[in-house]
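*Asks:*
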Amino acid sequence: MKNIMYSPRNDQWVDTSKGIAILLVIAGHVFSGFLSNAIFLFHMPFFFFLSGILLKPQPPGNYFLRKTPRLISPYIFYAVIFFILSLFYFYHNGQFSLLKVVHSMEREVVGGRFLTGWQSVFWFIPVFCISQQLLNFVLSRVSAKAASAVMLVMLTIAYIDSYFVKVNVPLNLSAVLYATPLMYIGYYLKIKNINISKYLLVLISIISIAMVYFWPDLFKVDMKYAFYGMPVVGAISALCMSLLIINFSKNLSKGVGFLSFVGVNSMIIMYIHQFIRLELANRITSNELICFIITAVLSVLFCLFIHIIKNSNARVGLILSKTVG
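Note that full-length UniProt numbering has the sequence shown beginning at 1, numbered continuously upward.
#1: Just the Cα atoms here: how many angstroms apart are V300 and L218?
#2: Assign D15 to one of three DSSP states: helix, strand, or coil.
#3: Is it the case that the Cβ atoms of G186 and G52 are separated by a distance below 8 Å?
#4: Tell me which same chain residues have a C-beta within less than 6 Å of the C-beta of A79, skipping the five on either side of it?
#5: Below 8 Å between beta carbons: does that hold for A38 and I209?
#6: Mapping DSSP to helix, strand and coil, what is F227?
#7: Tell me where the alpha helix (DSSP H) around F290 begins and ends.
#8: Alpha carbon to alpha carbon, how far is F227 from R315? Give it in angstroms, no decimals.
#9: Using 10 angstroms around the beta-carbon of M105, count the other beta-carbons present and answer buried if the total reaches 16, otherwise exposed.
#10: Under the assumption that K322 contacts S73 (Cβ atoms under 8 Å), give the Cβ distance between them as a whole number of angstroms.
#11: One question on the structure: do N136 and P216 come within less than 8 Å of each other, judged by their Cβ atoms?
#12: Nearest-angstrom Cα distance between S284 and I245?
#13: Per the DSSP calculation, V221 is bridged to which residue(s)?
#14: Would C291 and V25 be called neighbours here (beta carbons separated by less than 8 Å)?
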């Protein structure tokens, strides 16, 4: 069996930072009030910034064929699993009917904001996938100045949608208007080799947390429902807090193996943690800290179980990699 914890390498900070971020995603869903609001400032934007930092523009066709199946196949797999589980839930509670089945199928197809409960984070995958493809296409087809202009227009439309329109688009694709510029900012920082002082990052992060404490409605961030915080300020806050996680990950010496394992399996955890929280942890305790620990531990144990199965048989491992993640 392969070693579960990963040996050090130059880019291990990527997995480590993803591990920290996905644990914060769990925390954001478990905890309530100010702590949840503070985490929501950056926990989902982080993944878009990081994707931009890692992006290497390629011919759109090749990029589509290489990236899309890795994201969409697990999405479909988990959607089918949770759809089947929802039918069992209806049957067990005496709510099973043809109308319920049809409505559940509609929700799965439309996705986005219509998916709640177990699947409340499923909006992220289509938005991430399309934003990734769109940014790669733009960078491959137009000049740097034109790309910046396109991103500025998209960001402007995103804020207009957030404040005045809030169009409920299938798969929550209106969030692409905000997510793609976030990716571009990460990409731009990388290609321009822009380094921001860690002291400035800390200062802006503290100010951002203070603002969400005193004015939670004004600075509220929830990308699923097109709440992006105060225009521009929200994006800057998310960027600074995300960069702090990245800088911390690059300098971390202990616990790297565990966090890297969590990061490698971050997409699996993204899919399953709400089910574990709602159906297991919440039934055991109402204490938010204990609920967080239970949800995180069981999510990681599930990933460990999948990891062991993958390494026990090459063919099974290949199938699981393409479906479970």
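By construction, the Cβ of each residue, glycine as well, lies at the ideal position given by its N, Cα and C atoms.
*Replies:* Here's the rundown:
#1: 35 Å
#2: helix
#3: yes
#4: E108
#5: yes
#6: strand
#7: The sequence given here places Ile at residue 290; Phe does not occur at that position. Start and end: E288 to S312.
#8: 43 Å
#9: exposed
#10: 5 Å
#11: no
#12: The question names Ser, yet the displayed sequence has Ile at residue 284. Cα to Cα, the separation comes out at about 31 Å.
#13: Y228
#14: no
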